[in-house]
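Notes follow once the structure below has been shown.
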Amino acid sequence: MERTEYAAIALSGDFVPSEMCKIESVGLSSSQLFHSQIDLSRSKLKNYCKNFSSVVKTISKYRNFITFNDEQYPDALRNIFEPPAVLFYEGELSLINSQSILAVVGSRKADRYGVSIAKEYSRSLSETGITIVSGLAVGIDAQAHLGALEGSGSTVGILGTGIDIAYPATNRQLIRLVMERGCV
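Mapping of the sequence shown onto my numbering: residues 601 to 784, in sequence order.
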């Protein structure tokens, strides 16, 4: 199955890689899927039919994505229970597969000490070649990214929203900076 079709099917029905494997194994195309006898959740199939055309438009608008089947898909993510079938990104994709990665996360309402430690440690670690990963939230997450950017710039931001949604809005500039010098 071609990767754009894989992404459109997976996202339309919220199918996980194990379900996509079933779909691929019987050789179903996007047009054959709903009327097939494949053993998948009827509600997911209904969502698939309802969402398919809008998802195709979204994929054509945001062309930077990888699927579970792509070589660049992170091995660490492959090994979790029900990993996402598709990841959208902006920036330097190779950073998500860095050999040395450290997640720095913490309180959104951190005190001054926590903020300064998160930023300083992340800067120092970044300068040694470690890629800093965090969630782009206010507080510790934002400081971890800022520290990494002050160092070598190796940082990856994980958004809980779509790639087109800056949340929190106060971190819009930080998100853009990480997209330019790291990966989101």
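All residues carry an ideal CB built from backbone N, CA and C; glycine is no exception.
Rounded C-beta distance between residue i and residue j? I'm assuming under 8 Å.
i, j, result
"Ala-748", "Ser-716", "Actually they do not touch by this definition, with Cβ atoms about 15 Å apart."
"His-745", "Ile-732", "7 Å"
"Ser-754", "Ser-726", "5 Å"
"Ile-638", "Val-626", "6 Å"
Would you identify the three-state DSSP class for residue i, choosing helix, strand or coil?
i, result
"Phe-665", "strand"
"Gly-613", "helix"
Give the straight-line distance between the Cα atoms of residue i and residue j, rounded to the nearest whole angstrom.
i, j, result
"Ala-769", "Pro-683", "27 Å"
"Ile-680", "Cys-621", "16 Å"
"Lys-657", "Gly-751", "38 Å"
"Thr-604", "Asp-711", "45 Å"
"Cys-839", "Ser-612", "Nothing about residue 839 can be reported from this structure: the residues present for the chain run from 601 to 784 only."
"Ser-636", "Ile-623", "10 Å"
"Tyr-689", "Met-779", "8 Å"
In chain order, what residues of the same chain lie with their CB nearer than 7 Å to the CB of residue i, ignoring the 5 residues before and after it?
i, result
"Asp-614", "Lys-644 and Asn-647"
"Val-756", "Leu-695, Ile-696, Thr-731, Val-733, Gly-782 and Cys-783"
"Pro-617", "Phe-668, Pro-683 and Ala-685"
"Val-705", "Ser-734, Gly-735, Ile-740 and Asp-741"
Near residue i, which residues of its chain fall below 8 Å by C-beta distance, leaving aside the five closest residues on each side in sequence?
i, result
"Asn-771", "Leu-736, Ala-737, Val-738 and Ala-742"
So, for residue i: in the same chain, excluding its five sequence neighbours on each side, which residues have a beta-carbon less than 6 Å away from its beta-carbon?
i, result
"Ile-758", "Gly-735"
"Asn-651", "Ser-612"
Original post:
What runs of the alpha helix (DSSP H), each 4 residues or longer, lie entirely inside the region 679-755?
Top reply: Every alpha helix (DSSP H) stretch that sits fully inside the region 679-755 and reaches 4 residues is listed by chain position as 712-727 and 740-750.
Subject >> Start-end ranges of the alpha helix (DSSP H) lying completely within the region 618-666, minimum 4 residues >> reply: List check, alpha helix (DSSP H) in window: 642-661.
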